[in-house]
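Residue numbers (UniProt numbering), protein chains in the order written: chain B, 1 to 282; chain S, 1 to 368.
Backbone N, C-alpha and C define an ideal beta-carbon position, used for all residues, glycine too.
To keep things clear, I will list the structure first and then write my remarks on it.
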Amino acid sequence: MAYLELNNISKTYGQGDHATEVLSNINLSIEEGEFVAIVGFTGSGKTTLVNLINGLLEPTSGEVLFKGKPVSGTSHERGVIFQNYSLLPWLTVEQNVLMAVKEAFPKREKAVYKRKAAHYIDMVGLTPAINKLPRELSGGMRQRVAVARALSMKPDMIIMDEPLGALDALTRGTLQDQILNIWGKDKRTALLITNDVDEGIYMADRIIPLKPGPRATLGPEFNIDIERPRDKTEMNDNESYKKTRNAIIEYLMDIGNERKSEATEEYELPDLTPKDFVYQFK
Amino acid sequence: MKQSITLGKVTKFMGLGFLSTLKDLFTGKLEKEDLKSFLRKVVVPLASILLFLGLWHLGAKSLYNTEAEFKIEKALNDQGPEAAEAMRECIASGDISCQPNTLPSPAKVWDSYQSLLKDHQIISADKAAFAEKTAALNEKRVAEGKEPIVYTGRPSFVDQIFRSLKTVFAGFLLALLIAVPLGIFIGLSPTLKSAFNWFIQIFKPVSPVVWYLLVFMIVKTLLIDSSEDSSFTISFISVGLCSMWATLVNTAMGVSAVDKDYINVAKVLKLGTFQKIFKVILPSSLPLIFTGLKITMSVGWMVLIAIELLAQSPGLGTFVWEEFQNGANDSNAKIIVAMFVIGIIGFLLDRLMLFVQNSVSFEKTDAI
Numbered sequence: 001m002a003y004l005e006l007n008n009i010s011k012t013y014g015q016g017d018h019a020t021e022v023l024s025n026i027n028l029s030i031e032e033g034e035f036v037a038i039v040g041f042t043g044s045g046k047t048t049l050v051n052l053i054n055g056l057l058e059p060t061s062g063e064v065l066f067k068g069k070p071v072s073g074t075s076h077e078r079g080v081i082f083q084n085y086s087l088l089p090w091l092t093v094e095q096n097v098l099m100a101v102k103e104a105f106p107k108r109e110k111a112v113y114k115r116k117a118a119h120y121i122d123m124v125g126l127t128p129a130i131n132k133l134p135r136e137l138s139g140g141m142r143q144r145v146a147v148a149r150a151l152s153m154k155p156d157m158i159i160m161d162e163p164l165g166a167l168d169a170l171t172r173g174t175l176q177d178q179i180l181n182i183w184g185k186d187k188r189t190a191l192l193i194t195n196d197v198d199e200g201i202y203m204a205d206r207i208i209p210l211k212p213g214p215r216a217t218l219g220p221e222f223n224i225d226i227e228r229p230r231d232k233t234e235m236n237d238n239e240s241y242k243k244t245r246n247a248i249i250e251y252l253m254d255i256g257n258e259r260k261s262e263a264t265e266e267y268e269l270p271d272l273t274p275k276d277f278v279y280q281f282k
Numbered sequence: 001m002k003q004s005i006t007l008g009k010v011t012k013f014m015g016l017g018f019l020s021t022l023k024d025l026f027t028g029k030l031e032k033e034d035l036k037s038f039l040r041k042v043v044v045p046l047a048s049i050l051l052f053l054g055l056w057h058l059g060a061k062s063l064y065n066t067e068a069e070f071k072i073e074k075a076l077n078d079q080g081p082e083a084a085e086a087m088r089e090c091i092a093s094g095d096i097s098c099q100p101n102t103l104p105s106p107a108k109v110w111d112s113y114q115s116l117l118k119d120h121q122i123i124s125a126d127k128a129a130f131a132e133k134t135a136a137l138n139e140k141r142v143a144e145g146k147e148p149i150v151y152t153g154r155p156s157f158v159d160q161i162f163r164s165l166k167t168v169f170a171g172f173l174l175a176l177l178i179a180v181p182l183g184i185f186i187g188l189s190p191t192l193k194s195a196f197n198w199f200i201q202i203f204k205p206v207s208p209v210v211w212y213l214l215v216f217m218i219v220k221t222l223l224i225d226s227s228e229d230s231s232f233t234i235s236f237i238s239v240g241l242c243s244m245w246a247t248l249v250n251t252a253m254g255v256s257a258v259d260k261d262y263i264n265v266a267k268v269l270k271l272g273t274f275q276k277i278f279k280v281i282l283p284s285s286l287p288l289i290f291t292g293l294k295i296t297m298s299v300g301w302m303v304l305i306a307i308e309l310l311a312q313s314p315g316l317g318t319f320v321w322e323e324f325q326n327g328a329n330d331s332n333a334k335i336i337v338a339m340f341v342i343g344i345i346g347f348l349l350d351r352l353m354l355f356v357q358n359s360v361s362f363e364k365t366d367a368i
């Protein structure tokens, strides 16, 4: 049985005439230890999908199964890394991580918590900034705190909602490597939501495009069989990489064009001729 | 070289920095910036204060003359030219009995301020002497189980200030204790919000005078057996009830409008209700709560004067009212002194709140 299973999920916002079906007929299964990426355009319902999986939202129909049990509400077993970091601005780096540790492992000694928090902060290389407030950190550093916070709960699965979306290309690259490094250590199941095809190919075992909403649904999946650890420069010359990349991009472009042509409607324009103002000033 | 620097300094000091050479501009650019901020932060406020005092002086003088002429005119019409001449001389001589009663000039207000301070020193000395004189007797009385004799003389202006501060702080504390917890509950629960909404909307705009009367009705009956003076109790409760609305509304708003991201974090981390309120909701709504508390403090100080005046509770309000009733030669000047003292203390209270806010809140607010 799959580790995470989504069966015929659909999600509708609003009711009656105002109802919008954001996700429709989503089927997905992720095996233990697998790294899956979902790529999609902005506004295609990616965040809704993530919130269904982590338990912040409930599906209108269908079911989400995690380790064979239906998901109801959030759980420490599924760690979430949000798109906009969502660090509490009044707590320091350490306090932000400590809060998660304390909730995930209740009734331990203070020193144990401190050690655990320090361990995860060290893992993302933020030990020198341990007593800083989020606003004193750069975007990349903040996201690393969010990574440390999610990992510190020792989740069985990590769900990342466009974690690197707001970062510059260089920081993105480093953080991708860091996340892969941490993932490679204990091979936890991971789900990455992204809008960057290259990022998906570089990081994941499997890429699934999300057809844009309303009524978004998952497209055909692409397996990436490039050996890990992957090297960005070498990958550019890898034939299978090129093929997969082109296939995904073509697929996404096609949906994009389809969507555009759907939106094209013929408007009848009024028959007007511009007035000539020039002669007035002669 | 040396000369050019001196020239630069002089021109800059005169605010004519553009006359200095290009080189001076480059080497002394920072200084020029300093001068600009010095001008803006020190010279401009000083100039505006002087302008204000000047206008006040001229206005007071013109009002004084109008009043004086009216007095002379009246004497002329009522009692004839001789009385008018006597009145003119009397006013010119500065005799207290016939001074025109109008807006006092800055100089007069300053004199009154000095005399109030002197009065305070006299009363303090008197008090100290009284305490010394009765020390032995009081000890004996306490030992016998009787009430000690206390000083019952007239309070000085400074005493009145402290009484007022005591009232406003008691009222503020009451507002804080009622409005913040209630605001949190209202903000957390939509049901409570709709239950309390009409209540808040109706009672918020009620005038301090009416609050005073309401509190008076209730407290008078509650303390019917007590022989103690209830004016302080009545006035601080009125101040609290009158000023708590800003905090109530702001707290409720801050609590109900916590960033959705933070709520999601709380859910994902599976924080308990208690933890969620104290670790996420309250810290995030602190800036708004403090905005409310700041408004409460300033409203409390503002209505305090009116309420003290009505309640006859000792303090600045009573001072102003008594001086107005007194009608002595320097009463008007004393009222103006009280006005400035009230304004300056209000300003200091606001800065105090800002200081507290910045030391507990994660968002730093700038002074306005």
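**OP:** Please work out which residues of its chain come closer than 6 Å, Cβ to Cβ, to B/Phe-41, disregarding the five sequence neighbours upstream and downstream, and give them in chain order.
**Re:** Start at 1 with the first residue of the first sequence, and residue 41 of chain B comes out as number 41. The answer, listed in chain order, is Pro-212.
Original post:
How big is the Cα-Cα spacing for B/Val-64 and S/Val-215?
Top reply: The sequence position of residue 64 of chain B within the first sequence is 64, counting from 1. The sequence position of residue 215 of chain S within the second sequence is 215, counting from 1. Cα atoms of B/Val-64 and S/Val-215: separation of roughly 59 Å, rounded to the nearest angstrom.
Original post:
Around the C-beta of B/Arg-108, are 16 or more other C-beta atoms found within 10 angstroms, so that it is buried, or is it exposed?
Top reply: Translated into positions along the first sequence, residue 108 of chain B becomes position 108. Exposed, because fewer than 16 other Cβ atoms sit within 10 Å of the Cβ of B/Arg-108.
**OP:** Report the three-state DSSP secondary structure of B/Tyr-251 (helix, strand or coil).
**Re:** Locating residue 251 of chain B in the first sequence gives position 251, where the first residue counts as 1. Of the three classes helix, strand and coil, the one that applies to B/Tyr-251 here is helix, per DSSP.
Original post:
Tell me which same chain residues have a C-beta within less than 6 Å of the C-beta of S/Lys-2, skipping the five on either side of it?
Top reply: If you number the second sequence from 1, residue 2 of chain S lands on position 2. Any answer about S/Lys-2 is weak, because its pLDDT of 41 lies below 50 and its placement is not dependable; what the coordinates show is given next. Here S/Lys-2 has no same chain residue with a Cβ atom under 6 Å from its own Cβ, once five neighbours each way along the sequence are excluded.
Original post:
Closest Cβ-Cβ distance between S/Leu-354 and chain B: below 8 Å?
Top reply: Your numbering for residue 354 of chain S matches position 354 in the second sequence. Taking Cβ atoms only, chain B never reaches closer than 8 Å to S/Leu-354, which makes this a no.
**OP:** Compute every distance between the C-beta of S/Leu-58 and the non-hydrogen atoms of the ligand ATP, then say whether any falls below 7 Å.
**Re:** This structure does not include the ligand ATP; it has no bound ligands of any sort.
Original post:
With burial defined as no fewer than 16 other Cβ atoms inside 10 Å of the residue's Cβ, what is the status of B/Val-112: buried or exposed?
Top reply: Sequence index remark: in the first sequence, residue 112 of chain B carries index 112 (1-based). With a threshold of 16 other beta carbon atoms within 10 Å, B/Val-112 falls short and is exposed.
Original post:
Quick one: Cα of S/Ala-131 to Cα of S/Leu-309, how far?
Top reply: For the purposes of this step, residue 131 of chain S is identified with residue 131 of the second sequence, where counting begins at 1. For the purposes of this step, residue 309 of chain S is identified with residue 309 of the second sequence, where counting begins at 1. So the alpha carbons of these two residues sit roughly 29 Å apart.
Original post:
Helix, strand or coil: how does DSSP classify B/Pro-70 here?
Top reply: Against the first sequence, residue 70 of chain B aligns to sequence position 70. B/Pro-70 carries a strand assignment under DSSP once its states are collapsed to helix, strand and coil.
**OP:** Taking only the alpha-carbon atoms, compute the straight-line gap between B/Gly-68 and S/Leu-282 and give it to the nearest angstrom.
**Re:** Mapped onto the first sequence, residue 68 of chain B falls at position 68. Mapped onto the second sequence, residue 282 of chain S falls at position 282. Those two C-alpha atoms are separated by around 38 Å.
**OP:** Note down the Cα distance separating B/Leu-6 from B/Ala-216, rounded to an integer number of angstroms.
**Re:** Here residue 6 of chain B is taken as the residue at index 6 of the first sequence, counted from 1. Here residue 216 of chain B is taken as the residue at index 216 of the first sequence, counted from 1. In this model, B/Leu-6 and B/Ala-216 are separated by some 14 Å (Cα to Cα).
Subject >> Test item: CB-CB of S/Ala-338 and S/Leu-304 under 8 Å >> reply: What you label residue 338 of chain S is simply residue 338 of the second sequence in a count that begins at 1. What you label residue 304 of chain S is simply residue 304 of the second sequence in a count that begins at 1. No, the Cβ-Cβ distance between S/Ala-338 and S/Leu-304 is not below 8 Å.
**OP:** Identify the contact partners of B/Thr-74 in chain S, using a Cβ-Cβ distance below 7 Å as the criterion.
**Re:** In the first sequence, counting from the first residue as 1, residue 74 of chain B sits at position 74. For B/Thr-74, the C-beta contacts it makes with chain S under 7 Å involve Lys-267, Val-268 and Lys-270, in order along the chain.
Original post:
Which same chain residues, not among the five before or five after B/His-76, have their C-beta less than 6 Å away from its C-beta?
Top reply: As a first step, residue 76 of chain B must be located in the first sequence, where it is residue number 76. Shown here for B/His-76: same chain residues with a beta carbon closer than 6 Å to its own, the five before and five after excluded, namely Ala-104 and Met-153 in chain order.
Original post:
Between the C-alpha atoms of S/Gly-94 and S/Leu-76, what's the straight-line distance to the nearest angstrom?
Top reply: Locating residue 94 of chain S in the second sequence gives position 94, counting from the first residue. Locating residue 76 of chain S in the second sequence gives position 76, counting from the first residue. S/Gly-94 and S/Leu-76 have their C-alpha atoms roughly 20 Å apart.
**OP:** Evaluate B/Trp-90 with the Cβ neighbour count: other Cβ atoms within 10 Å of its Cβ, from every protein chain shown; 16 or more gives buried, anything less gives exposed.
**Re:** Counting from one through the first sequence, the residue named residue 90 of chain B turns up at place 90. Classified as buried, B/Trp-90 has 16 or more neighbouring CB atoms from the shown chains inside 10 Å of its CB.
Original post:
Within 10 angstroms of its Cβ, does S/Ile-234 collect 16 or more other Cβ (buried), or is it exposed?
Top reply: For the purposes of this step, residue 234 of chain S is taken as residue 234 along the second sequence, with counting starting at 1. By the neighbour-count rule (16 or more Cβ atoms within 10 Å), S/Ile-234 is buried.
Original post:
From B/Gly-79 to B/Ala-150, what does the alpha carbon distance come to, in whole angstroms?
Top reply: Counted from its first residue, the first sequence places residue 79 of chain B at position 79. Counted from its first residue, the first sequence places residue 150 of chain B at position 150. Taking the straight line from one Cα to the other gives about 5 Å.
Original post:
Helix, strand or coil: how does DSSP classify B/Pro-212 here?
Top reply: Here residue 212 of chain B refers to the residue found at position 212 of the first sequence. Coil.
**OP:** Could you tell me which residues DSSP pairs with B/Leu-191 in its beta bridges?
**Re:** The residue you call residue 191 of chain B lines up with position 191 of the first sequence. Among the bridge pairs identified by DSSP, B/Leu-191 is matched with B/Val-36 and B/Ile-159.
Original post:
Looking only at C-alpha atoms, which of S/Lys-127, S/Ala-136, S/Val-299 and S/Ala-83 sits nearest to S/Cys-98?
Top reply: Here residue 98 of chain S corresponds to residue number 98 of the second sequence, with the count starting at 1. Comparing Cα-Cα distances from S/Cys-98 to each of S/Lys-127, S/Ala-136, S/Val-299 and S/Ala-83, the minimum goes to S/Ala-83.
**OP:** Mind listing, in chain order, the continuous alpha helix (DSSP H) runs of no fewer than 4 residues lying wholly within the stretch 229-295 of chain S?
**Re:** Runs of alpha helix (DSSP H) with 4 or more residues, each lying fully within the stretch 229-295 of chain S, are found at 231-256 and 260-268, listed in chain order.
**OP:** Name, in chain order, the residues that DSSP records as bridge partners for B/Ile-81.
**Re:** Counting from one through the first sequence, the residue named residue 81 of chain B turns up at place 81. Looking at the DSSP assignment, B/Ile-81 forms a beta bridge with B/Met-160.
**OP:** Return the residue from the list S/Ser-112, S/Arg-40, S/Met-87 and S/Leu-58 that minimises the CA-CA distance to S/Ala-328.
**Re:** Indexing the second sequence from 1 puts residue 328 of chain S at position 328. Nearest of S/Ser-112, S/Arg-40, S/Met-87 and S/Leu-58 to S/Ala-328, Cα basis: S/Ser-112.
**OP:** Find out if the Cβ-Cβ distance for the pair S/Val-258, S/Ser-284 is shorter than 8 Å.
**Re:** Counting from one through the second sequence, the residue named residue 258 of chain S turns up at place 258. Counting from one through the second sequence, the residue named residue 284 of chain S turns up at place 284. In contact: S/Val-258 and S/Ser-284 (Cβ atoms closer than 8 Å).
Subject >> Collapsed DSSP secondary structure at B/Tyr-267 in the structure displayed >> reply: Counting from one through the first sequence, the residue named residue 267 of chain B turns up at place 267. Note: B/Tyr-267 maps to coil in three-state DSSP.
Subject >> C-beta contact flag for S/Gly-292 and S/Thr-221 at 8 Å >> reply: The residue labelled residue 292 of chain S in the question sits at position 292 within the second sequence. The residue labelled residue 221 of chain S in the question sits at position 221 within the second sequence. No, the pair does not count as a contact, with Cβ atoms beyond the cut-off.
Original post:
By Cβ distance, which residues of its chain are closer than 6 Å to S/Ile-5, with the 5 residues on each side in sequence left out?
Top reply: Here residue 5 of chain S refers to the residue found at position 5 of the second sequence. Here S/Ile-5 scores only 47 on pLDDT, less than 50, and its place in the model is too uncertain to base an answer on.
Subject >> Contact with chain B by S/Ile-345, beta-carbon distance below 8 Å >> reply: Locating residue 345 of chain S in the second sequence gives position 345, where the first residue counts as 1. Not a single CB atom of chain B sits nearer than 8 Å to the CB of S/Ile-345.
Original post:
At a Cβ threshold of 8 Å, is B/Met-99 touching chain S?
Top reply: The residue given as residue 99 of chain B occupies position 99 in the first sequence. Chain S contact via Cβ: present.
Subject >> Between the CA atoms of S/Val-320 and S/Ile-336 - distance to the nearest angstrom >> reply: Within the second sequence, numbered from 1, the residue matching residue 336 of chain S stands at position 336. Within the second sequence, numbered from 1, the residue matching residue 320 of chain S stands at position 320. C-alpha of S/Ile-336 to C-alpha of S/Val-320: approximately 9 Å in a straight line.
Original post:
Does the stretch 197-211 of chain S come within contact of the stretch 254-273 of chain S, defined as at least 3 CB pairs closer than 8 Å?
Top reply: The way I'd put it, the stretch 197-211 of chain S doesn't touch the stretch 254-273 of chain S; fewer than three beta-carbon pairs between them come closer than 8 Å.
Original post:
What are the partner residues of B/Asn-7, as DSSP defines its beta bridges?
Top reply: Residue mapping note: residue 7 of chain B aligns to position 7 of the first sequence, counting from 1. As computed with DSSP, B/Asn-7 is found in a beta bridge with B/Glu-63.
Subject >> Start and end residues, beta strand (DSSP E) containing B/Asn-25 >> reply: Residue mapping note: residue 25 of chain B aligns to position 25 of the first sequence, counting from 1. 20-30 is the extent of the beta strand (DSSP E) around B/Asn-25.
Subject >> Contact check, S/Ser-105 vs S/Ala-60, beta carbons under 8 Å >> reply: Walking along the second sequence from the start, residue 105 of chain S turns up at place 105. Walking along the second sequence from the start, residue 60 of chain S turns up at place 60. Between S/Ser-105 and S/Ala-60, the gap from beta carbon to beta carbon is short of 8 Å.
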